[in-house]
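Okay, structure first, notes after.
Number of protein chains: 2
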Amino acid sequence: MENIKERTTNVITPNQFLEHWQGHRRLTRKVIEAFPEDQLFNYSVGGMRPFADMVMELLGIAEPGLREIVMGETTQLKEHFDHGNSKAKLLEAWDSATEQLNKLWAQMEEMDFQKQIVSFGQFPGTVQSSLFYFLENEIHHRAQGYVYLRSLGIEPPMFYDRN
Amino acid sequence: MENIKERTTNVITPNQFLEHWQGHRRLTRKVIEAFPEDQLFNYSVGGMRPFADMVMELLGIAEPGLREIVMGETTQLKEHFDHGNSKAKLLEAWDSATEQLNKLWAQMEEMDFQKQIVSFGQFPGTVQSSLFYFLENEIHHRAQGYVYLRSLGIEPPMFYDRN
Chain A
91 MENIKERTTN VITPNQFLEH WQGHRRLTRK VIEAFPEDQL FNYSVGGMRP
141 FADMVMELLG IAEPGLREIV MGETTQLKEH FDHGNSKAKL LEAWDSATEQ
191 LNKLWAQMEE MDFQKQIVSF GQFPGTVQSS LFYFLENEIH HRAQGYVYLR
241 SLGIEPPMFY DRN
Chain B
91 MENIKERTTN VITPNQFLEH WQGHRRLTRK VIEAFPEDQL FNYSVGGMRP
141 FADMVMELLG IAEPGLREIV MGETTQLKEH FDHGNSKAKL LEAWDSATEQ
191 LNKLWAQMEE MDFQKQIVSF GQFPGTVQSS LFYFLENEIH HRAQGYVYLR
241 SLGIEPPMFY DRN
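The listed protein sequences correspond, in order, to chains A and B. In our numbering, each number is its position in the first sequence, counted from 1, plus 90. In our numbering, each number is its position in the second sequence, counted from 1, plus 90.
Following this line, the structure appears as structure tokens:
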């Protein structure tokens with residue numbers, strides 16, 4: 091019985107979390123695609139960063155952050171890479187991270203999600219709180235991309251579209 | 091051993107989820123507070139809704155949605171109430187929901203988060219997927235409020251400020 095109770099009180103299983111995260115990443119990919127290339131790298135509202143800069147931040151967090159959790163080796167936060175203002179290059183990096191996240195997640199089976207860690211050598215928390223931060227920071231910045239798109243007269247993908 | 095493994099693979103415990111959700115709700119409350127009253131109800135970017143309308147959606151989802159999960163009785167999605175364009179009234183509703191969520195969550199102890207449900211009589215999913223939707227939809231709309239604030243020249247609270 092004890093074991094059954096433990097199972098039913100698991101809010102979300104590790105595999106569900108990965109699938110949920112990748113679903114959000116599929117949506118973010120669609121938001122990147124929805125931007126005209128020029129606006130992706132240059133347009134912004136309210137003095138904020140262009141959406142491509144936010145996407146580079148997300149790329150700098152997801153795969154390196156999960157690798158740090160899996161490998162246990164401190165990594166540096168790197169929010170820039172040479173994309174040459176190319177949407178294709180940004181999407182390529184996105185797709186590469188998608189594959190890498192799946193591979194890294196295969197090593198999460200025995201993970202203690204409550205373990206204390208320091209992400210990127212500077213953000214203390216647990217595996218759980220770090221993963222939620224990675225996911226939610228993406229939702230946060232993607233939603234800002236939604237406003238950019240709307241103000242460009244472009245209809246963004248539906249928030250619940252995760253296919 | 092079986093039981094220990096089950097425990098360590100719990101990505102987030104029910105109590106952690108509530109605390110995490112309420113942390114986000116504290117941040118959203120600060121975003122509401124950061125808006126000048128007039129702009130809260132009237133300002134928007136890109137033809138989107140004013141932030142107060144988004145807040146009413148969030149209020150229409152969180153407490154009624156959790157009550158539906160706990161009680162198992164179908165509820166209607168109601169995204170409007172008479173706020174009389176008063177920020178104080180909106181914050182009062184927010185604080186009331188905060189208390190109600192805590193009370194309702196006390197009844198979630200035996201909840202099967204994988205149980206199939208239909209939220210608001212129209213959104214099929216599980217308890218888990220519904221709760222994540224409630225939380226993430228708030229992050230999504232709050233981030234749009236961030237852009238509104240920035241474009242008004244107002245510095246929003248830090249994304250990681252959950253106190």
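Ideal placement from N, C-alpha and C gives every residue a C-beta, glycine not left out. These figures come from a predicted structure and were not determined experimentally.
- Across the segment 103-136 of chain B, CB contacts with chain A closer than 9 Å involve 103, 104, 106, 107, 110, 114, 135, 136, in sequence order along the chain.
- For residue 240 of chain A, at least one C-beta of chain B is nearer than 8 Å to its own C-beta.
- Of the candidates A/212, A/206, A/182, A/194, the residue whose Cα lies closest to the Cα of residue 168 of chain A is A/212.
- DSSP, reduced to helix, strand and coil, places residue 141 of chain B within a helical segment of the structure shown.
- Neighbours of residue 234 of chain B across chain A, judged by C-beta separation under 8 Å: 233, 234, 236, 237.
- Secondary structure at residue 241 of chain A: helix, using DSSP grouped into helix, strand and coil.
- Residue 207 of chain B: member of the beta strand (DSSP E) spanning 206-209, first to last residue.
- Taking a C-beta cut-off of 7 Å against chain A, the contacting residues of the segment 200-222 of chain B are 202, 203, 218, 222, listed in chain order.
- The residue from B/238, B/249, B/125 with its alpha-carbon nearest to that of residue 136 of chain A is B/238.
- Sequence-distant Cβ neighbours of residue 151 of chain B in its own chain, meaning closer than 7 Å and more than five residues away, are 224, 227.
- Shown here, residue 213 of chain B sits in a strand according to DSSP, grouped into three states.
- Residue-level contact by beta carbon fails for residue 141 of chain A and chain B, as no gap is shorter than 8 Å.
- Judged by DSSP in its simplified three-state form, residue 128 of chain B adopts helix.
- Neighbours of residue 171 of chain A across chain B, judged by C-beta separation under 7 Å, do not exist; the nearest C-beta is about 23 Å away.
- Legend: CB atoms of the segment 137-168 of chain A lying less than 9 Å from CB atoms of chain B belong to residues 137, 138.
- In the three-state reduction of the DSSP assignment, residue 155 of chain B falls in the helix class.
- In the structure shown, residue 250 of chain A adopts coil according to DSSP, grouped into three states.
- Taking 8 Å as the upper bound for CB-CB distance, residue 195 of chain B and residue 108 of chain B are in contact here, some 5 Å apart.
- For residue 189 of chain B, the enclosing alpha helix (DSSP H) begins and ends at 177-195.
- In the assembly as shown, residue 186 of chain A is an exposed residue. Its beta-carbon has fewer than 16 other beta-carbons within 10 Å.
- Within chain A, no C-beta atom comes less than 8 Å from the C-beta of residue 224 of chain B; the nearest is roughly 12 Å away.
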